[in-house]
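First comes the structure, then the notes that go with it.
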Amino acid sequence: MTEELTTSKIHEERQRALMETRSRLLAMPPEKALDEILTHPQPAALVHAFPEEDLYFLIHDIGPQDALPLIALASGKQLEYLLDQEIWQRDRLHIDTIGDWLERFLQSDPSFDRMIQWLTTEKLDLIEFFLLQSIEVQILEHDQDPSSFGPGFFTYDHVFYIRIIHRPSADTPDHPSEQHHQMVKNLLDRLAEVDHVRFQAILMEAATVLPAEMEEEAYRQRNVRLAEKGFLPFEEAVGLYQYLNLRQFQQRARRQKPLSDERNYHLSLVPITVLPPETLFAQALQTMAVEHRDVMQEEFAAMCNRIIVADRLKIEQREALAKVTQKASGYLHIGLQKLEDAARSNAAQPFAAADSLRRYHLEGIFRLGYGAAVELKQAAEAWVPRSWFARQGLPLTFWGETWLGVIGGLLIKRPLFFDNYQSGTMYREFATSDDIQNSRHQLEQAQYFDRLLDRLNPVFVSPSRFGFLSYKNLLLTLWARHRLALPEAVQHLNSQAFKPFFRELFQTTADPVGKKRRKINDALRSDFLHWLADRTEQTAAELSASIGPTLEALFVELEESYGRVDADHIDPRYVPHFLLEPHDA
């Protein structure tokens with residue numbers, strides 16, 4: 010008994026040491042990691058210790074051609090995972106990619122024996138499928154002249170005559186390329202050299218393969234293998250985006266048994282290495298026992314793989330995987346914040362989040378977080394068709410850049426947050442509850458202005474002549490016409506008539522460097538608010554409480570755009586905030 014415990018302890022220590030070594034290697038520059046592996050006392054054992062996913066990323070970090078020594082050391086399961094990820098385009102095998110990887114496999118094994126043995130035993134169906142698409146075989150009868158087969162045929166035994174072909178595809182020509190021809194010839198040479206009898210059997214079997222049936226069965230087996238790592242079939246993977254609210258959450262997401270208290274030394278480490286550290290999920294992990302952290306990391310890696318399938322992504326580099334982990338951890342962050350808000354927990358945020366992680370599946374928390382974005386999408390989709398602006402036939406651009414971006418991001422199939430290049434992109438995934446609140450506020454402001462315009466019920470005069478019409482220039486033009494005692498219709502203002510209003514709008518002040526700078530007259534700010542309140546049958550106080558900050562931002566925008574412009578230099582082409590006649594009569 011004591012001896013068994015000692016053996017078990019030694020094995021566990023070995024596994025822990027290998028895991029620490031893998032973690033250290035994955036943190037190194039790829040070329041240095043390769044050198045470390047190849048100079049390790051037991052390089053094959055070290056490579057076999059890598060989970061298939063981690064070795065896949067390491068090979069691509071190094072570069073497939075430079076990583077041939079790693080491929081040579083990889084186990085059968087690791088090689089199979091590599092093929093599962095590389096040679097498929099959705100549910101179809103890609104013949105040229107198969108050729109590329111078969112060539113790399115053969116190049117990685119100078120003795121030929123190991124790779125050929127593995128391919129002809131474990132991946133025979135793939136070899137036969139590839140040869141069916143790449144060669145034509147003729148069997149010489151005893152009284153037949155080989156020249157009757159036509160040009161291009163060659164033989165290893167004067168029985169089977171082979172011609173290399175290259176069937177047309179979307180990205181290859183009708184005739185064999187030199188590279189493809191040479192790759193197929195190398196494969197045939199090695200098959201014939203290692204076991205000629207087996208080679209002849211493969212040629213016979215390849216001729217009888219039904220490609221559609223073989224491809225369908227290979228796809229089924231691939232899906233079974235990948236499903237163990239979270240790569241579910243697309244139809245199942247997209248279930249991750251199904252709406253889940255707090256009421257449904259308690260029943261559907263609760264774990265049925267406590268987390269395991271045993272270490273998992275073979276879990277994939279790459280997703281955690283690119284996990285954004287500022288997210289609530291990442292912070293919660295740091296507060297958990299290492300055994301529970303292992304469970305979370307394994308579950309998180311599987312969920313990232315599910316996102317990859319659902320979003321139809323091909324991820325080869327860690328930089329691309331980082332975007333997936335950012336998306337996953339972002340919606341987990343939102344979901345954990347929703348749970349904390351619902352529980353009104355007094356615990357420190359990471360500890361409260363860790364408690365939620367122990368009680369609920371990550372998938373459920375993700376769906377709860379994503380559900381917050383879906384609720385915004387549903388609100389936008391319900392509002393737009395019955396809105397005032399839609400009934401007028403106005404486009405979404407009517408709401409200006411910010412609200413157009415926010416609403417447009419909510420109306421697409423999978424809603425996105427309008428970031429307006431604050432983090433380098435126009436749109437990104439929602440990452441925090443603040444993103445949700447910001448988008449909700451912007452949507453509600455647009456909806457409020459839409460209701461104001463519905464109450465205002467403006468009369469349009471020749472709307473096709475307006476060019477770019479927005480809620481800003483519509484409201485400001487109506488107000489300007491009111492100040493100028495003109496009919497309050499949506500109609501162009503004459504530039505000459507506009508100038509007195511423009512002069513009245515601004516009051517001159519001195520800025521810190523002594524230059525003239527004009528600000529909106531406080532009395533006119535108040536006048537605009539009261540005019541709008543009167544026309545929409547509300548009080549100024551109600552309007553100020555609902556859209557005061559938005560109106561203030563509009564006045565600041567006017568000051569920044571026209572605060573240094575003289576009324577005599579007004580050019581209608583550069584005054585988008587008011588509808589001015591392009592050319593005066």
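Quick note on my numbering: the sequence shown kicks off at 10 and runs consecutively. Glycine included, C-beta positions come from ideal geometry on N, C-alpha and C. Since this is a predicted model, take the numbers as computed values, not measurements.
Does residue i come out as helix, strand or coil in the three-state DSSP assignment?
| i | result |
| --- | --- |
| Phe469 | strand |
| Phe477 | coil |
| Tyr170 | strand |
| Gln292 | helix |
| Ile316 | helix |
| Glu145 | strand |
| Val56 | helix |
| Gly523 | In this predicted model, Gly523 has a pLDDT of only 49, less than 50, meaning its place in the structure is not dependable enough to derive any value. |
| Val499 | strand |
| Leu588 | coil |
| Gln260 | helix |
| Gln547 | coil |
| Lys528 | strand |
| Phe458 | helix |
Identify, in the order they occur along the chain, each residue of the same chain with its Cβ nearer than 7 Å to the Cβ of residue i, setting aside the five sequence neighbours on each side.
| i | result |
| --- | --- |
| Pro73 | Arg113 |
| Ala576 | Lys508, Phe511, Arg512 |
| Val247 | Ala319 |
| Ile529 | Leu514, Phe515, Phe564, Leu567, Glu568 |
| Leu493 | Ala506, Phe510 |
| Gln24 | Tyr274 |
| Gly85 | Trp127, Glu131 |
| Ser277 | Pro60, Glu62, Asp63, Ala310 |
| His167 | Leu149 |
| Leu82 | Pro52, Ala53, Val56 |
| His69 | Glu325, Gln326 |
Would you report the Cα separation of residue i and residue j, rounded to the nearest angstrom?
| i | j | result |
| --- | --- | --- |
| Leu235 | Gln306 | 17 Å |
| Val206 | Ile374 | 57 Å |
| Glu237 | Asp443 | 35 Å |
| Thr559 | Ala363 | 39 Å |
| Arg99 | His151 | 46 Å |
| Ala352 | Gln295 | 22 Å |
| Thr486 | Leu502 | 8 Å |
| Ile579 | Ser504 | 8 Å |
| Ala311 | Pro78 | 28 Å |
| Phe469 | Phe477 | 14 Å |
| Gly417 | Lys332 | 22 Å |
| Ala221 | Arg123 | 29 Å |
| Phe240 | Tyr90 | 12 Å |
| Leu588 | Asn429 | 26 Å |
| His184 | Ile174 | Its pLDDT being 44, under 50, His184 is placed unreliably by the model, and the measurement read from it follows with that caveat. Their Cα atoms are separated by approximately 7 Å. |
| Ser338 | Ala361 | 16 Å |
| Gly596 | Ala455 | Look at the range of the chain in this structure, 10 to 594, and you will see that residue 596 is not part of it. |
| Thr411 | Arg534 | 23 Å |
| His450 | Pro424 | 16 Å |
| Leu92 | Trp110 | 8 Å |
| Ile316 | Gln335 | 11 Å |
| Gln500 | Trp488 | 12 Å |
| Thr434 | Tyr252 | 26 Å |
| His586 | Leu385 | 29 Å |
Of the choices the options, whose alpha-carbon is the least far from that of residue i?
| i | options | result |
| --- | --- | --- |
| Lys194 | Asp270, Phe163, Gln24, Arg231 | Phe163 |
| Glu22 | Gly378, Tyr274, Pro581 | Tyr274 |
| Ala440 | Thr288, Ala215, Lys18 | Thr288 |
| Gly108 | Pro119, Ile136, Met124 | Ile136 |
| Arg264 | Glu214, His370, Asp270 | His370 |
| Glu245 | Glu225, Asn314, Trp408 | Asn314 |
| Leu322 | Glu390, Trp97, Ser555 | Trp97 |
| Asn232 | Gln259, Pro286, Gln94, Pro39 | Gln94 |
| Phe407 | Glu225, Pro496, Ser479 | Ser479 |
Leaving out the 5 sequence neighbours to the left and right, which residues in its chain are closer than 6 Å to residue i when beta-carbon positions are compared?
| i | result |
| --- | --- |
| Ala381 | Ile343, Ile445 |
| Tyr165 | Ala201 |
| Gln292 | Pro359 |
| Gln87 | Glu61, Leu64 |
| Leu140 | Ala215 |
Throw me the rounded Cβ distance for the residue i and residue j pair, which I believe falls under 8 Å.
| i | j | result |
| --- | --- | --- |
| Glu546 | Arg464 | 6 Å |
| Leu115 | Leu212 | With 8 Å as the limit, Leu115 and Leu212 do not qualify as a contact, their Cβ atoms being about 18 Å apart. |
| Leu34 | Ala42 | 4 Å |
| Arg367 | His301 | 7 Å |
| Phe45 | Met37 | Here the sequence assigns Glu to residue 45, which means Phe is not the residue at that position. Indeed they touch by this definition, with Cβ atoms about 7 Å apart. |
| Leu249 | Pro280 | With 8 Å as the limit, Leu249 and Pro280 do not qualify as a contact, their Cβ atoms being about 15 Å apart. |
Ignore the nearest five residues each way along the sequence and tell me which others in residue i's own chain have a CB closer than 8 Å to its CB.
| i | result |
| --- | --- |
| Ala542 | Thr548, Ala549, Glu551, Leu552 |
| Lys347 | Leu255, Leu377, Gly378, Ala381, Ser442 |
| Gly523 | At Gly523 the pLDDT is 49, less than 50, meaning the model places this residue with poor confidence and gives no usable figure here. |
| Ile19 | none |
Check whether the Cβ of residue i lies closer than 7 Å to any heavy atom of the ligand COA, and answer yes or no.
| i | result |
| --- | --- |
| Gly476 | As for the ligand COA, it is missing from this structure, which has no ligand bound. |
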